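Asks: Input: one structure, supplied below.
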Amino acid sequence: MFLLGPFLARYWILSVSVMLLMRCNKADLKASSATDPAHLQVNTVIHRHLVEDGHVSHFIRAYVKDESGKSVADPAIQITVNGQPLRLNGGSTNYYGAFPYYERATGSEADIQGGTTYTFTVVLRDGTEYPIGSIDTQPDLTPDQLPLPMSHPRNQPLLLRWKAIGESNYFSALWKRYQGESSQSELLVSKINETRDKWGHIIQEEGSGDQADYITLNVSTGSGSSTIPDTYFDGPQRTFNALSLMLTSTKTVDVIGPFRKGSTLSSERTQLYRVNVVD
Numbered sequence: 000m001f002l003l004g005p006f007l008a009r010y011w012i013l014s015v016s017v018m019l020l021m022r023c024n025k026a027d028l029k030a031s032s033a034t035d036p037a038h039l040q041v042n043t044v045i046h047r048h049l050v051e052d053g054h055v056s057h058f059i060r061a062y063v064k065d066e067s068g069k070s071v072a073d074p075a076i077q078i079t080v081n082g083q084p085l086r087l088n089g090g091s092t093n094y095y096g097a098f099p100y101y102e103r104a105t106g107s108e109a110d111i112q113g114g115t116t117y118t119f120t121v122v123l124r125d126g127t128e129y130p131i132g133s134i135d136t137q138p139d140l141t142p143d144q145l146p147l148p149m150s151h152p153r154n155q156p157l158l159l160r161w162k163a164i165g166e167s168n169y170f171s172a173l174w175k176r177y178q179g180e181s182s183q184s185e186l187l188v189s190k191i192n193e194t195r196d197k198w199g200h201i202i203q204e205e206g207s208g209d210q211a212d213y214i215t216l217n218v219s220t221g222s223g224s225s226t227i228p229d230t231y232f233d234g235p236q237r238t239f240n241a242l243s244l245m246l247t248s249t250k251t252v253d254v255i256g257p258f259r260k261g262s263t264l265s266s267e268r269t270q271l272y273r274v275n276v277v278d
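Numbering (numbering that gives the first Met the number 0), first residue to last: 0 to 278.
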């Protein structure tokens, strides 16, 4: 009788477990479920990631789940955005299973614009088309909405001011929540330590591993200000030489039928800024 060594035994058990999890997390739809939107949960995400130097990293994705919450990968189910079909991607696989999603088949990342309406639809196996809904992406930020210096002295506090980042009208925001739309904007401030070569080029950049080096500000309510105290620049990581500021705005719209509860449309805008810290 062949016996597995301790390492091989653990590897075999892990492999079997992963295969079982993959089978459990990736659903095969029954015909009735694939033609009835009431059995499906659909979630779409439009993500726009912008860096101060002009680099972008955008994507559109859509996810389908069945009644048990398992991811669905059914080529017969089609999803379109503004009339353009998305393609089904098998998705990444890890110890928890496979997570398929729909993504853009054509076009570049730069085609995903701010302040633009995106309308999603689903076509099920029987050819019936169902509208998911529409969502407007957040407009691009202008420099005066979050004015920042190129550099800042280490021994002085830093005053941050922002305006028109989120919904400033209370009643308008209340009405949107009543209609199933919610939004949130946060500004994450953190420290960066960079290493340069003899020519002054950055060859390595890393963030701090200390939780005290991260400050999160809620900037959802239109305009406001906050001061980063000079003590923040003293520690606990004294070697840093730049600040990273990441402004993230998320808007989510609930889909009201005919799909399962939990179906949503989301738009995310993340913009990165940098401030050099000088002695």
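Where a beta carbon is used, it is the ideal one built from N, C-alpha and C, also for glycine. Here the structure is a predicted model, which is why all the values come from computation and not from measurement.
Assign P74 to buried or exposed, taking buried as 16 or more other Cβ atoms, counted over all protein chains shown, within 10 Å of its Cβ.
Replies: The residue you call residue 74 lines up with position 75 of the sequence shown. P74 is exposed by the Cβ-count criterion.
Asks: Label W198 either buried or exposed according to how many other C-beta atoms from any shown protein chain fall within 10 Å of its C-beta, with 16 as the threshold for buried.
Replies: Within the sequence shown, the letter at position 199 stands for residue 198. The residue is exposed, with fewer than 16 neighbouring Cβ atoms inside 10 Å.
Asks: In whole angstroms, give me the CA-to-CA distance for T220 and D125.
Replies: On the sequence shown, position 221 is the one that residue 220 refers to. On the sequence shown, position 126 is the one that residue 125 refers to. The straight-line gap from Cα to Cα measures roughly 45 Å.
Asks: Could you check if R195 is buried or exposed, using at least 16 other CB atoms within 10 Å of its CB as the buried criterion?
Replies: Position 196 of the sequence shown, counting from 1, holds the residue named residue 195. Answer is exposed; the Cβ neighbour count stays below 16.
Asks: Which runs of the beta strand (DSSP E) at least 3 residues long sit entirely within the segment 113 to 151? Give them in chain order.
Replies: Qualifying beta strand (DSSP E) stretches, in chain order: 116 to 122, 128 to 135.
Asks: Roughly how many angstroms lie between the CA atoms of Y213 and V122, to the nearest whole one?
Replies: Here residue 213 corresponds to residue number 214 of the sequence shown, with the count starting at 1. Here residue 122 corresponds to residue number 123 of the sequence shown, with the count starting at 1. Y213 and V122: Cα-Cα distance of roughly 44 Å.
Asks: Here's a check: name, in chain order, each residue in its chain whose Cβ is nearer than 7 Å to the Cβ of R22, leaving out the five neighbours to either side.
Replies: Indexing the sequence shown from 1 puts residue 22 at position 23. Its pLDDT being 41, under 50, R22 is placed unreliably by the model, and the measurement read from it follows with that caveat. Correct list: empty, nothing qualifies.
Asks: Should I255 be labelled buried (16 or more other beta-carbon atoms within 10 Å of its own) or exposed?
Replies: Your numbering for residue 255 matches position 256 in the sequence shown. So I255 ends up on the exposed side.
Asks: With a CB to CB cut of under 7 Å and the five nearest residues on each side skipped, what residues in its chain are close to P257?
Replies: The residue labelled residue 257 in the question sits at position 258 within the sequence shown. P36, A37, Y129.
Asks: When you compare only the Cα positions, how much space is there between L216 and L187?
Replies: Numbered from 1 along the sequence shown, position 217 holds the residue referred to as residue 216. Numbered from 1 along the sequence shown, position 188 holds the residue referred to as residue 187. Near 6 Å, if we compare the C-alpha coordinates of L187 and L216.
Asks: If you follow the beta strand (DSSP E) that N192 is part of, which residue opens it and which one closes it?
Replies: Your numbering for residue 192 matches position 193 in the sequence shown. Where N192 is concerned, the enclosing beta strand (DSSP E) stretches over 180 to 195.
Asks: On the CB-based measure, 16 or more other CB atoms within 10 Å of its CB, does N42 come out buried or exposed?
Replies: Walking along the sequence shown from the start, residue 42 turns up at place 43. Per the 10 Å Cβ criterion, buried.
Asks: Who are the Cβ neighbours of S224 in its own chain at under 8 Å, not counting the five residues just before and after it?
Replies: To locate residue 224, count along the sequence shown from 1; it is residue 225. Closer than 8 Å at the Cβ level, and outside the excluded window around S224, lie L158, L159, R160, W161.
Asks: Report the residue from S243, D229, E185, S265 whose alpha carbon sits nearest the alpha carbon of G206.
Replies: The sequence position of residue 206 within the sequence shown is 207, counting from 1. The option with the nearest alpha carbon to G206 is S243.
Asks: In its own chain, which residues sit with a C-beta less than 6 Å from the C-beta of F119, not counting the 5 before and 5 after it?
Replies: Along the sequence shown, read from residue 1 onward, the residue named residue 119 stands at position 120. Contacts found: T43, V80, I131.
Asks: State yes or no: is the C-beta of G114 within less than 8 Å of the C-beta of P138?
Replies: Counted from its first residue, the sequence shown places residue 114 at position 115. Counted from its first residue, the sequence shown places residue 138 at position 139. Yes, these two residues count as a Cβ contact at 8 Å.
Asks: Could you check which residue in E267, V276, V218, D278 has the C-alpha nearest to that of D135?
Replies: The residue given as residue 135 occupies position 136 in the sequence shown. Closest option to D135, Cα to Cα, is E267.
Asks: Output the boundary residues of the beta strand (DSSP E) element that contains G223.
Replies: Position 224 of the sequence shown, counted from the first residue, corresponds to residue 223. Start and end: 223 to 227.
Asks: So who's on the other strand from T263, going by DSSP bridges?
Replies: What you label residue 263 is simply residue 264 of the sequence shown in a count that begins at 1. Answer is N42, D253, bridged to T263.
Asks: Taking the straight line between their C-alpha atoms, what separation do you get for V63 and L145?
Replies: Counting from one through the sequence shown, the residue named residue 63 turns up at place 64. Counting from one through the sequence shown, the residue named residue 145 turns up at place 146. Roughly 37 Å between the two C-alpha positions.
Asks: Is it buried or exposed, L173, if we count other Cβ atoms within 10 angstroms and call 16 or more buried?
Replies: The residue given as residue 173 occupies position 174 in the sequence shown. L173 is exposed by the Cβ-count criterion.
Asks: Quick one: is V218 buried, meaning 16 or more other Cβ sit within 10 Å of its Cβ, or exposed?
Replies: If you number the sequence shown from 1, residue 218 lands on position 219. It is buried - the Cβ of V218 has at least 16 other Cβ atoms within 10 Å.
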